[in-house]
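For reference, the structure discussed in these notes is given below.
Right, here's the structure in full:
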């Protein structure tokens, strides 16, 4: 709301995966539209009575991410930074009724886990994670996470949907949900970290198994030969 301090330019840039200079320009543009106020040595503060315009402005900037060629693992690292922060806050502040969308997503995941195609499961998976960010209460973080997940979704969908992967993925979501039900901040962080590490490892194995893809030395990027 009005007066709320946004994360630092460096933190915002790291979460989105852009240079600090680009994020600084975006904030200055938002200031020109009266959405935020940037104070030297103090940070950026929400100015709008309704923070929807601020979120919309950031969403427009985030859309530019989709036009860029990103290192897959940079996206995963940015996602981990953001989602761990969201799940910690959600565990600390959630009301039990807030968790109903997560419960519904788990029910749907359980149904889809038996399906041979992965795409529908990934759609529900994305909804599950966005619901956690929503509970955390920062619409800017929700916007950034939606962009990151949109960029990652095609990669997640292409993973082979084996029985072991279905069981592991569903169980990992259950662990996150149970930690949120308990309001256990540290356990929620551990469960989320482990869940995202599984995704990281699965994507790494898949990329390395694809013919014609080589790993560039030193930076973890992957290129077509």
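Residue numbers (this note's numbering): 830 to 1054. Glycine included, every Cβ here is placed at the ideal spot set by N, Cα and C.
- Listed in chain order, the alpha helix (DSSP H) runs fully inside the region 1007-1042 are 1014-1038, counting runs of at least 4 residues.
- Shortest Cα-Cα distance from residue 979 to any of 1004, 918, 908, 1035 involves 908.
- Per DSSP, residue 966 is not a residue of any beta strand (DSSP E), being assigned neither H nor E.
- Residue 1021 and residue 913 have their C-alpha atoms some 6 Å from each other.
- Secondary structure within the region 917-962: the alpha helix (DSSP H) runs of 4 or more consecutive residues, fully enclosed, are 929-941 (chain order).
- Inside the region 972-1011, DSSP marks whole alpha helix (DSSP H) runs of 4 or more residues at positions 992-1011, from first to last along the chain.
- Judged by DSSP in its simplified three-state form, residue 835 adopts coil rather than helix or strand.
- The criterion of a C-beta distance shorter than 7 Å is not satisfied by residue 916 and residue 1028.
- In the same chain as residue 838, and ignoring 5 residues on each side of it, the C-beta atoms closer than 6 Å to its own belong to 849, 852, 853, in chain order.
- The C-beta separation of residue 1009 from residue 920 comes to about 5 Å, placing the pair in contact by the 8 Å criterion.
- DSSP places residue 872 in the uninterrupted beta strand (DSSP E) bounded by 872-875.
- Using a Cβ distance threshold of 7 Å, residue 950 and residue 934 do not count as a contacting pair.
- For residue 835, the closest alpha carbon among the candidates 930, 874, 983, 868 is that of 874.
- Taking each of 970, 1007, 930 in turn and checking the Cα distance to residue 842, the smallest one comes out for 970.
- Non-local beta-carbon contacts of residue 975 in its own chain, meaning distances under 7 Å to residues more than five positions away in sequence, involve 959 in chain order.
- The beta carbon of residue 928 sits closer than 8 Å to the beta carbons of 964, 1006, 1009, 1010 from its chain, once the five residues preceding and following it are set aside; these are given in chain order.
- Assigned with DSSP and collapsed to three states, residue 865 falls in strand.
- Here the C-alpha atom of residue 972 lies approximately 15 Å from the C-alpha atom of residue 859.
- Around the Cβ of residue 942, a 10 Å sphere holds 16 or more other Cβ atoms; the residue is buried.
- The DSSP-derived three-state label of residue 845 is helix.
- Comparing alpha carbon positions, the residue from 901, 961, 1037, 869 closest to residue 977 is 901.
- Contact between residue 1002 and residue 938 holds: CB atoms are separated by about 6 Å, below the 8 Å threshold.
- Rounded to the nearest whole angstrom, the CA to CA distance from residue 944 to residue 955 is 17 Å.
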